[in-house]
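The block underneath contains the structure these notes are about, expressed in structure tokens.
Residue numbers (the working numbering), protein chains in the order written: chain A, 189 to 546; chain B, 189 to 546; chain C, 189 to 546; chain D, 189 to 546.
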């Protein structure tokens, strides 16, 4: 071994749920493994990842001092595993999720495979769905929106990072039926491109750059739309008439930092909204949320939430245009993905939501 | 002197216009001085700046190898000066501009004082105007929009950097009367904050950050609106009815790089626009422009225009929302300010527009 | 208050030592407060700082979610305080340290005032010493070198960040009497300049730069020399003859990142040292250290220790020159300053050394 | 074509030497092509590069607005070419250089193949030499050291970037016979790693990092040693006795910026040197150099020379250790490689040395 480093002692509760991370070679899987390893109430028993077989995670990611070695995933041989985080690409994730579910293992899936309620929408953006029969069971894992269902879920479809920041910024408005139209301009650090080695991530090309990508066609768009529309029409029974289907204009940009994401949301409202009402709506929505920090005097910077599970939200009425602007700031790898997965696991296994995340 | 450095020889044309830069201690004035110093057809005879009196510009800005020392500005004593670049804050600029104009010196003013045609608009955003009588004379210095007038102008009001990027991205649509509504989300490097030393610019605070600023109230907004509305209604005579006044939702963000600016413009169109028409409109607008690089296959990154006078433009129709998205990428200090000032000076003194800027 | 954020619950042991941080407005004091606030076994009862009186620490440093407000320090009125971290500039620290000691409060001083055993050396580099009588009592707080004394110390002089990285890289060689001559070339992120707003820290000037500073005269030099010489001559009794006084050539550089520091140490040895012996020496020194990670195959990067109390060390024999090169990588704000202060407090109050730091 | 951009007009002298760049797909070859394209006195007629065949250079490197397409190199078919810049890896360069020389084409080779005078030294560091017979003909292309020979050279071996910065910092001391021992600690931006896509260059891994590499074995070491020893012993005839062979301890580090390189050189002198003598030695060496900027009051930052052919040098006597410290700051891609190649071409073809480089 190349490093004579003492492994930090992991004080472990008895009867801690036994967990694995499938696909821990990428940024988000590796971080999920790190968070579970240092979590006082989960036991991380294995990590898998074909591209780094046999290497320890702490060699591949020195910042994450996890002394487990990457194994090949063999679902059939898993015994006594309570939960799995699956960090595979879309389409590749679904069959593994299905196999894990068949063995009774509760799953938090970081892929897009079970995020959309609408199969038609999935197929339009991603192609054929490998396991459509599981869509029904899946709960959309934006904790603050679906907490009650997550508690008892067998399969949690962890949201994309852009939907996390965007929906937390917009949910109070959506729930109040105030969104007539919305433009979301999102900016993200280079870690959002993942452990990909090309011109997108080379410091000499990405370092002093601002680059829009996937113009007018980012796959996080339908996820945001589906959730916003669901928030606006909570139940058919209550509504006199269905709200018109909202379409979201979403655009992502890469900016030269490592971790951090800002969703700037420009809302044309269904009726005029003044500052006081706006404040009341957001206060009511987030006053009790442990991981949403509502700002009242000005917008957040993403550095304020770096390497935390917090989302900072700020909303303002623009008197000049009569629109509303709302910001959501997160760490794309943490609240945007991996720490939110742990937040969900906490709920699923009856722990305080903040356990291991403060 | 602290540096034994040979001053690069400046090959100077005979009868080169004699120029000064007033307020060359800030980022934009210093760059204007640098560009004029190395320009083959202008003579830079003096730079002024009270905060660095007596120091050479190349000491304060080692990258700009200009061996002139900062002087106090004394307009009354100026003799034989043909042109001045004024890089003062708004309100402070106007009296100096007026004094220079009285001595027959042609001026490119980098401040906001003469950018707005509407005095009422100026007063709403900036307060009382020190020299309203000069507004009439001033030509708005976005070269690509007002080239003909700039050629003979005595006073050019150089645009703000955000309006430069935004207007070049949007002008073809505005001219075609296609903009019903527009949201502009702009991102800029830290040099946009200027030679200001505070939490906004400290690398430890700005470095891994994305920060929205001046939420719903950036002073570049009226400048963009005035120009877009003028483009949409070129002449009262031609119009059957005045176009409805367009209001722009503009939001600026600081991102962690030095120089570079991206305006992402989200346009609700007055009628459906397909990709082919969009392409034709932009090609017609920019085919002959020496400093606008129209991209056809995908959006630009700001690194592509760093330290150049180019603006890269890309527009796409979003079939999902029926909106149009247009991007303008510039170097905020160059085309956004100082090199555009030189582009204008080239026109004003009969030189090829690209002289000294390639 | 500008932020509606829930304060993370601080689970606090009964009878936890009550602590204050004096001078928590700077980077290191603020971090010390953050680390003590979230520490399970210390109670942070107050923070002081004149420049931000009345503001909460979490407003000034949003990343540090400490809801205490800055107070004025009034040592006379302190009651029931067990320990203090003092984060004042040199010379300003000593009188406060003395006042705290008089009230029986155990102190970790982050300043340079009590780091040097030699008063003459202090006076040569810093000027007159305000409280020379306390030098005797002070223990040099590089935990790995003086652990036994720190346990019972009333006053710990926390090391400078450069000495921490340099000494951990060099201590095994020094102890073995192997250092005949050493050059230390250190590189540090911009946070090392502190909460100082000038050309040193402005992202546009520091961002794409590498800048040596304090050429041939950094005040951390005598601190490194004193410790290396002490390591080489552990006791007069044992030595046949005093080792010749070692002089260190130390040079610091700022590089464009936030937190992180690398000391590259070039050692002319007193006799030839081959790789095997080198490895054995370092393994013996660091095998049991909880916060020193000894690398065996190649040098560390500072990102590997970012926001941790770890120091990563690597040493290699250079067959070409017969010299040894040793690297020490730390986070300058953490192990370099504030987390090492907590490591020392853990020892002083009988807690496991790693408590609150993993 | 994806970009409707006007190609900047290249005003070309008649009878301009016709040049090619072989291997223009990498960072240094591409920059050499850019510099020759915009040079008023050279005609760039072709660029080659197998990995990007058919693409225009300005597509691959948008910052370099060169509208030539990459071709396959076919030396046999070259007609009327006066000069070539060869930007191939070591060992691959030599055969191409030989073929070009056979056709009478003057070559600036950016590889290491002809930098060392000693074949034995080459073979120890690089393996077998493909064309040892050409070593004799080659002139080492550090312009300031070998100007007279470069003027008439057929083959110029352009120096490595580290030797360029180090030798310009040290040459005055070496020439005066003052270097008894030297440690060189060099820091470089990520562009020094080249157009390589891996963990070394990924912004998320390189961005907040400082990483030593090639510990105790960088191939630039023998190049520095050979030149320093040659400077110390200018001619056998003059010397009473050969100076002892100097060995250099050289260590490179990557730091998170794009372009820029600092060589910090720690010199044990052969006899005491005071500040006045040091100053006189450096002034004499560099007073007339167009591209060496000698600082007298403090060290340079690399930002001061970014995207220029300048090297900034500063030397100081360290009274504490009686050593001398000397700094050389360059842009690794410019003076470190490609602009120095153009500087050499200027000399080779009788143009002013600064032509096209100010």
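Backbone N, C-alpha and C fix where the C-beta goes; we use that ideal spot for every residue, glycine too.
Along the chain, where does the alpha helix (DSSP H) containing residue 283 of chain C start, and where does it finish? Locating residue 283 of chain C in the third chain gives position 95, counting from the first residue. It spans 281-290 - the alpha helix (DSSP H) in which residue 283 of chain C sits, taken as one unbroken run.
Chain C contacts from the stretch 463-494 of chain A (Cβ-Cβ distance under 9 angstroms): Identification of residues in the stretch 463-494 of chain A having a C-beta nearer than 9 angstroms to some C-beta of chain C yields 470, 471, 474, 475, 476, 477, 478, 479, 480, 481, 482, 483, 484, 485, 486, 488, 489, 491, 492, 493 and 494, given in sequence order.
DSSP has residue 206 of chain B in a bridge; who is on the other side? If you number the second chain from 1, residue 206 of chain B lands on position 18. The partner list for residue 206 of chain B (beta bridge, DSSP) reads B:231.
Quick one: what's got a C-beta closer than 7 angstroms to residue 286 of chain B's C-beta in the same chain, skipping five residues either side? Taking the first residue of the second chain as 1, we reach residue 286 of chain B at position 98. Excluding positions up to five away in sequence, the list reads 319 and 322.
I'd like the list of long-range same chain contacts for residue 387 of chain B, defined as Cβ closer than 6 angstroms, with 5 residues on each side in sequence excluded. By one-based count along the second chain, residue 387 of chain B stands at place 199. 393.
So which of B:420, B:233 and B:441 has the shortest CA-CA distance to residue 254 of chain B? Translated into the one-based positions of the second chain, residue 254 of chain B becomes position 66. Of the candidates B:420, B:233 and B:441, the one whose C-alpha sits nearest the C-alpha of residue 254 of chain B is B:233.
Buried or exposed: residue 291 of chain C, going by 16 or more other Cβ atoms within 10 Å of its Cβ? Translated into the one-based positions of the third chain, residue 291 of chain C becomes position 103. Classification for residue 291 of chain C: exposed.
is_contact[residue 448 of chain C, chain B] using C-beta, thresh 8 angstroms: Residue mapping note: residue 448 of chain C aligns to position 260 of the third chain, counting from 1. Under the Cβ criterion of 8 angstroms, residue 448 of chain C is not counted among the residues facing chain B.
Which one of D:309, D:343, D:403 and D:500 has the shortest CA to CA distance from residue 250 of chain B? Within the second chain, the letter at position 62 stands for residue 250 of chain B. Closest option to residue 250 of chain B, judged by alpha-carbon separation, among D:309, D:343, D:403 and D:500: D:500.
Going by CA-CA distance only, name the one from A:317, A:344 and A:324 that's closest to residue 535 of chain A. Residue numbering aside, residue 535 of chain A sits at position 347 when the first chain is read from its first letter. The option with the nearest alpha carbon to residue 535 of chain A is A:344.
Where does residue 261 of chain D land, buried or exposed, given buried means 16+ other C-beta within 10 angstroms? Position 73 of the fourth chain, counted from the first residue, corresponds to residue 261 of chain D. Flag for residue 261 of chain D reads buried.
Does the beta-carbon distance from residue 493 of chain A to residue 518 of chain A come in below 8 angstroms? Position 305 of the first chain, counted from the first residue, corresponds to residue 493 of chain A. Position 330 of the first chain, counted from the first residue, corresponds to residue 518 of chain A. Taking 8 angstroms as the Cβ cut-off, residue 493 of chain A and residue 518 of chain A qualify as a contacting pair.
Contact check, residue 520 of chain C vs residue 379 of chain C, beta carbons under 8 angstroms: Residue 520 of chain C sits at position 332 when you count from the first residue of the third chain. Residue 379 of chain C sits at position 191 when you count from the first residue of the third chain. Going by beta carbons, residue 520 of chain C and residue 379 of chain C fall inside the 8 angstroms limit.
Against residue 501 of chain D, what residues of chain C qualify as contacts under a CB-to-CB distance less than 8 angstroms, listed in chain order? Numbered from its first residue, the fourth chain carries residue 501 of chain D at position 313. Against residue 501 of chain D, chain C offers no close residue; the least beta-carbon distance is about 12 angstroms (beta-carbon pairs closer than 8 angstroms).
If you compare alpha carbons, which of B:440, B:457 and B:203 is closest to residue 489 of chain A? If you number the first chain from 1, residue 489 of chain A lands on position 301. When each option's Cα is compared against that of residue 489 of chain A, the closest is B:440.
Grouping DSSP H, G and I as helix and E and B as strand, with all else coil, what is residue 216 of chain A? Looking up residue 216 of chain A in the first chain gives position 28. Note: residue 216 of chain A maps to helix in three-state DSSP.
May I ask you to list, following chain order, the residues of the stretch 376-396 of chain A that have a beta carbon less than 7 angstroms from some beta carbon of chain D? Residues passing the 7 angstroms Cβ filter: 378, 379, 385, 386, 389, 390, 391, 392, 394, 395 and 396.
Identity of the residues DSSP links to residue 305 of chain A by a beta bridge: By one-based count along the first chain, residue 305 of chain A stands at place 117. DSSP lists no partner for residue 305 of chain A.
What residues are listed by DSSP as bridge partners for residue 374 of chain B? Against the second chain, residue 374 of chain B aligns to sequence position 186. For residue 374 of chain B, which the question treats as bridged, DSSP gives the partners B:440 and B:451.
Can at least three beta-carbon pairs, one atom from the stretch 413-420 of chain A and one from the stretch 401-419 of chain B, be found at a separation below 8 angstroms? Touching, no.
Just tell me which of C:528, C:408 and C:509 has its CA closest to the CA of residue 314 of chain C. Indexing the third chain from 1 puts residue 314 of chain C at position 126. Among C:528, C:408 and C:509, the Cα nearest to that of residue 314 of chain C is on C:408.
Any idea which residues DSSP pairs residue 513 of chain C with across the strands? Counting from 1 along the third chain, the entry for residue 513 of chain C is found at position 325. Residue pairing by DSSP puts residue 513 of chain C in a beta bridge opposite C:454 and C:504.
Is residue 360 of chain D near the ligand NAD, with its Cβ less than 7 angstroms from a heavy atom? Ligands in the displayed structure: none, and consequently the ligand NAD is not present.
Note down, in chain order, each residue of its chain lying with its Cβ closer than 8 angstroms to the Cβ of residue 219 of chain B, except the 5 sequence neighbours on either side. Numbered from 1 along the second chain, position 31 holds the residue referred to as residue 219 of chain B. Residues of the same chain with a CB within less than 8 angstroms of the CB of residue 219 of chain B, apart from the 5 flanking positions on each side, are 252, 521, 522, 525, 526 and 527 in chain order.
Buried or exposed: which applies to residue 459 of chain D, given that a residue is buried once 16 or more other Cβ atoms fall within 10 Å of its Cβ? Residue numbering aside, residue 459 of chain D sits at position 271 when the fourth chain is read from its first letter. By the neighbour-count definition (other C-beta atoms within 10 Å, threshold 16), residue 459 of chain D is an exposed residue.
Could you give the distance in angstroms between the alpha-carbon of residue 457 of chain B and the alpha-carbon of residue 282 of chain A? Numbered from 1 along the second chain, position 269 holds the residue referred to as residue 457 of chain B. Numbered from 1 along the first chain, position 94 holds the residue referred to as residue 282 of chain A. The alpha-carbon atoms of residue 457 of chain B and residue 282 of chain A are separated by roughly 40 angstroms.
What does residue 504 of chain B reach in chain A if we use C-beta pairs closer than 8 angstroms? Position 316 of the second chain, counted from the first residue, corresponds to residue 504 of chain B. Chain A residues near residue 504 of chain B: 403 and 404.
Determine the DSSP secondary structure at residue 257 of chain D, reduced to helix, strand or coil. Along the fourth chain, read from residue 1 onward, the residue named residue 257 of chain D stands at position 69. Strand, per DSSP.
Let me know the secondary structure DSSP gives residue 426 of chain A once reduced to three states. As a position in the first chain, residue 426 of chain A is number 238, starting the count at 1. At residue 426 of chain A the pLDDT is 47, less than 50, meaning the model places this residue with poor confidence and gives no usable figure here.
If the cut is a Cβ gap below 9 angstroms, which residues of chain D does residue 317 of chain C touch? Residue numbering aside, residue 317 of chain C sits at position 129 when the third chain is read from its first letter. Residues of chain D passing the Cβ test: none, with the nearest at roughly 20 angstroms.
Taking the beta strand (DSSP E) that residue 481 of chain D belongs to, which residues open and close that run? As a working mapping, residue 481 of chain D is identified with position 293 in the fourth chain. Per DSSP, the unbroken beta strand (DSSP E) holding residue 481 of chain D starts and ends at 480-483.
Since residue 298 of chain C contacts residue 272 of chain C with CB under 8 angstroms, what's their CB separation in whole angstroms? Position 110 of the third chain holds residue 298 of chain C. Position 84 of the third chain holds residue 272 of chain C. Taking C-beta atoms under 8 angstroms as the contact rule, residue 298 of chain C and residue 272 of chain C fail to qualify, at a distance of about 11 angstroms.
Name the chain D residues that come within less than 9 angstroms of residue 444 of chain A, Cβ to Cβ? Mapped onto the first chain, residue 444 of chain A falls at position 256. Neighbourhood of residue 444 of chain A in chain D, by CB distance below 9 angstroms: 391 and 395, in chain order.
Could you check if residue 420 of chain B is buried or exposed, using at least 16 other CB atoms within 10 Å of its CB as the buried criterion? Translated into the one-based positions of the second chain, residue 420 of chain B becomes position 232. That one is buried.
Helix, strand or coil: how does DSSP classify residue 323 of chain D here? For the purposes of this step, residue 323 of chain D is identified with residue 135 of the fourth chain, where counting begins at 1. Residue 323 of chain D: coil per DSSP, three-state reduction.
Quick one: which chain A residues come within Cβ less than 8 angstroms of residue 409 of chain B? Position 221 of the second chain, counted from the start, is the residue given in the question as residue 409 of chain B. For the C-beta of residue 409 of chain B, the chain A residues within less than 8 angstroms are, from N- to C-terminus, 508.
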